[in-house]
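What follows is a single structure, written as structure tokens, with notes after it.
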Amino acid sequence: RLPTVAAPAPVAAPVSDAGPVSDAEPASDADPAAVAVTGEAGSDPATPEPLRIVLEFSQDCWVEFTVDGGRRTSELRAAGEVVTLVARDHVLLTLGNLAGVGISIDGRPWTPPGGAARVTRDLRIDRSTVAGTP
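Using this note's numbering, you'd call the opening residue of the sequence shown number 36 and step up by one each time.
Structure, rendered in structure tokens:
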């Protein structure tokens with residue numbers, strides 16, 4: 036025979052004047068890193084939103100970039116890969132196969148100057164670049 040155990044006494048929920056609380060979190064499709072950067076930039080109305088540069092590789096391409104004067108990154112990207120760079124001020128970009136890369140800035144397609152040049156060196160993308168994007 037099992038011993039009898041008394042049920043615990045009910046505990047009243049704390050009272051708050053703050054109104055109802057929801058356990059649901061807002062849905063978001065945004066990249067968490069991008070949200071953090073956007074949130075910081077939005078704290079000062081005079082600070083512009085960050086630049087979002089997307090590189091879509093249709094062919095293999097060597098790429099080198101710096102974001103806001105930081106560390107230079109050099110790598111080989113394969114066809115089908117996508118790289119997103121988020122910068123407060125500028126990106127300096129070198130592409131070894133310009134014809135194999137689609138570039139968009141803040142969601143708008145962009146073609147760098149130089150036409151059909153195969154290699155593009157030290158291409159600076161900043162707010163003035165965005166102003167010239169249709």
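Cβ coordinates follow ideal geometry from the N, Cα and C atoms, glycine included.
Coarse secondary structure for residue i, derived from DSSP in three states
{"i": "residue 114", "result": "coil"}
{"i": "residue 149", "result": "coil"}
{"i": "residue 159", "result": "strand"}
Unbroken alpha helix (DSSP H) run spanning residue i, endpoints
{"i": "residue 163", "result": "162 to 166"}
Proximity of residue i and residue j at Cβ, strictly below 7 Å
{"i": "residue 114", "j": "residue 139", "result": "no"}
{"i": "residue 109", "j": "residue 116", "result": "no"}
{"i": "residue 154", "j": "residue 131", "result": "yes"}
{"i": "residue 87", "j": "residue 129", "result": "no"}
Where the beta strand (DSSP E) containing residue i begins and where it ends
{"i": "residue 102", "result": "96 to 102"}
{"i": "residue 84", "result": "From DSSP, residue 84 is part of no beta strand (DSSP E); its letter is neither H nor E."}
{"i": "residue 137", "result": "136 to 140"}
{"i": "residue 126", "result": "125 to 130"}
Option in the options with minimal Cα separation from residue i
{"i": "residue 141", "options": "123, 152, 116", "result": "123"}
{"i": "residue 90", "options": "158, 120, 108", "result": "120"}
{"i": "residue 107", "options": "127, 166, 88", "result": "127"}
{"i": "residue 161", "options": "102, 87, 96, 125", "result": "125"}
{"i": "residue 95", "options": "157, 112, 85, 86", "result": "112"}
{"i": "residue 104", "options": "165, 83, 159", "result": "159"}
{"i": "residue 163", "options": "145, 149, 133", "result": "145"}
{"i": "residue 97", "options": "118, 84, 83", "result": "118"}
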